[in-house]
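One structure is given below, encoded as structure tokens.
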Amino acid sequence: MGKVVILSTGGTIAMDQTPSSPHPIPSLKGRDFQQQLASLCPSDIEISAEDIVNIPSAQMSLETIKEISQKVQSHSANPDLDGIVVTHGTDTMEESAYFVHLCYQASKPVVFTGAMRSADETGYEGLRNLVSSLRVAASPEARDMGVLIVMNEQVHSAEEVRKFHTQRVDAFQSPPYGPLGEIAFDQLYIKRRISRPVQKLEATYVTPVPLVALTADFEVTLLEAIQKMRPRGVIIEALGGGRVPPKVIPVLADFVESRVPVVITTRCGIGPVVDEYGYQGAHRDLKKLGCYFAHYLSGPRARIKLMLVLGNGFNSDAQLHTFFQD
Ligand code: ASP
22 MGKVVILSTG
32 GTIAMDQTPS
42 SPHPIPSLKG
52 RDFQQQLASL
62 CPSDIEISAE
72 DIVNIPSAQM
82 SLETIKEISQ
92 KVQSHSANPD
102 LDGIVVTHGT
112 DTMEESAYFV
122 HLCYQASKPV
132 VFTGAMRSAD
142 ETGYEGLRNL
152 VSSLRVAASP
162 EARDMGVLIV
172 MNEQVHSAEE
182 VRKFHTQRVD
192 AFQSPPYGPL
202 GEIAFDQLYI
212 KRRISRPVQK
222 LEATYVTPVP
232 LVALTADFEV
242 TLLEAIQKMR
252 PRGVIIEALG
262 GGRVPPKVIP
272 VLADFVESRV
282 PVVITTRCGI
292 GPVVDEYGYQ
302 GAHRDLKKLG
312 CYFAHYLSGP
322 RARIKLMLVL
332 GNGFNSDAQL
342 HTFFQD
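Count the sequence shown with the numbering used here and you get residues 22 to 347, in order.
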């Protein structure tokens with residue numbers, strides 16, 4: 022029999038109307054899931070439950086994400102457990118799951134899940150997502166893949182998945198390669214594997230590491246205001262394959278000169294940041310400045326990575342290059 026613990030943190034999967042609130046608020050706890058799943062869950066899986074917090078994920082703090090990461094790590098050492106499921110709001114699930122993924126140092130499956138519809142809505146899919154997640158968490162095939170996100174019967178990697186729609190149940194997508202696998206009739210099918218990160222990080226991070234999305238005719242004063250915050254690092258969601266308006270270059274040069282690492286990702290959200298254009302503000306200018314590049318990482322994910330990398334004391338140019346390769 023597989024044994025899985027559900028660590029609940031809130032989100033829409035836990036939301037319902039209450040006598041005091043006609044609009045859904047976080048109310049369901051781990052033991053509610055456990056009770057509701059008793060008749061639905063495959064009989065070969067035994068569930069336990071623990072509550073960490075019960076909040077919408079817009080209220081998730083880095084300290085709470087760190088706590089989730091530490092709880093996941095400590096449950097992974099329990100020889101009686103086969104896997105771990107974390108219930109979480111979908112709005113910032115990408116960041117929490119990626120944080121835990123970068124810090125997770127064990128083989129057992131870890132699955133984040135949530136819901137797009139609250140328990141009071143027709144078509145609430147929370148229990149269905151939980152049943153699928155329990156199946157994945159109890160499955161030996163899902164070991165050594167780091168942190169997974171299971172939504173809408175699909176299995177995604179915390180390295181790739183993004184929330185792309187505000188309402189639909191298929192909000193979570195992993196372009197360009199698609200999900201790692203799926204669950205059909207309670208059977209797990211893994212079609213593609215992603216290994217756990219080679220370099221493990223402790224759940225220690227630095228702040229502030231602001232994230233800035235560039236635009237046409239970008240207001241450079243925003244970056245100048247960020248300089249006054251004394252950031253520990255800066256993430257720039259650049260244009261296309263890694264281009265910036267030329268007026269941004271002097272501010273980025275100031276960051277680099279004052280040893281504030283600048284990591285370039287793309288506001289496209291997907292794809293490498295590399296090109297061979299020769300005009301001012303193109304990728305080659307950013308490289309000459311000493312910026313780092315985060316290929317295929319969304320801005321929020323690049324931010325979590327830089328916070329953890331710096332928090333673990335990896336701040337030399339050579340070390341940063343191993344985490345953010347050209
Ligand atoms: N609508 C969000 C969700 O799907 C709310 C949250 O992220 O907590 O969970």
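Note that the Cβ used here is the ideal one computed from N, Cα and C, for glycine as well. Predicted, not measured: the structure shown is a model, and the values here were computed from it.
Buried or exposed by the 16-neighbour rule on C-beta atoms within 10 Å, applied to H177: buried
Beta carbon of G263 nearer than 8 Å to that of T287: yes
CB of A78 within 8 Å of CB of R183, strictly: At residue 78 the sequence reads Ser, which differs from the Ala that was named. Cβ distance not < 8 Å, so S78 and R183 don't count as in contact.
Straight-line gap, K24 to Q208 (C-alpha atoms, nearest Å): 17 Å
Between the CA atoms of G290 and R305 - distance to the nearest angstrom: Cα to Cα, the separation comes out at about 20 Å.
S64 classed as buried or exposed, judged by whether at least 16 other C-beta atoms fall within 10 angstroms: exposed
Cα-Cα separation, S48 to M36: Rounded to whole angstroms, S48 to M36 spans 5 Å at the Cα level.
Local conformation of S97 per DSSP, three classes: helix
The ligand ASP heavy atom lying under 7 Å from the CB of T111: yes
Rounded straight-line distance, which links the Cα of Q57 to that of G311: 54 Å
For L123 and R217, the rounded distance between their alpha carbons: 8 Å
Distance cut-off 7 Å: A136 Cβ against heavy atoms of the ligand ASP: yes
Per-residue burial, V219 [other beta carbons within 10 Å of its own, 16 or more giving buried]: exposed
Inter-residue spacing [alpha-carbon to alpha-carbon] between I76 and P45: Answer to the nearest angstrom: the Cα atoms are 12 Å apart.
Check: A179 C-beta below 7 Å from any heavy atom of the ligand ASP: no
heavy atom of the ligand ASP below 7 Å from A79 C-beta: yes
Counted within 10 angstroms of its Cβ, other Cβ atoms place D103 as buried (16 or more) or exposed: Under a 10 Å Cβ-count criterion, D103 is classified as buried, with 16 or more other Cβ atoms of the shown protein chains found around its own Cβ.
Those residues which DSSP pairs with V171 across a bridge: V176
Per-residue DSSP class, three states only, for Y119: helix
Inter-residue CB distance, Y125 and V131 (contact presumed, cutoff 8 Å): Sure, about 6 Å apart at Cβ, within 8 Å.
Three or more C-beta pairs below 8 Å linking the stretch 242-255 and the stretch 224-234: yes
H109 versus I34 - alpha carbon distance: 7 Å
Coarse secondary structure for A237, derived from DSSP in three states: coil
7 Å Cβ shell around T408 - same chain, five flanking residues per side excluded: Given that the chain is displayed from residue 22 to residue 347, the structure contains no residue 408 and the question cannot be resolved.
Exposure label - P200; buried when at least 16 CB within 10 Å: buried
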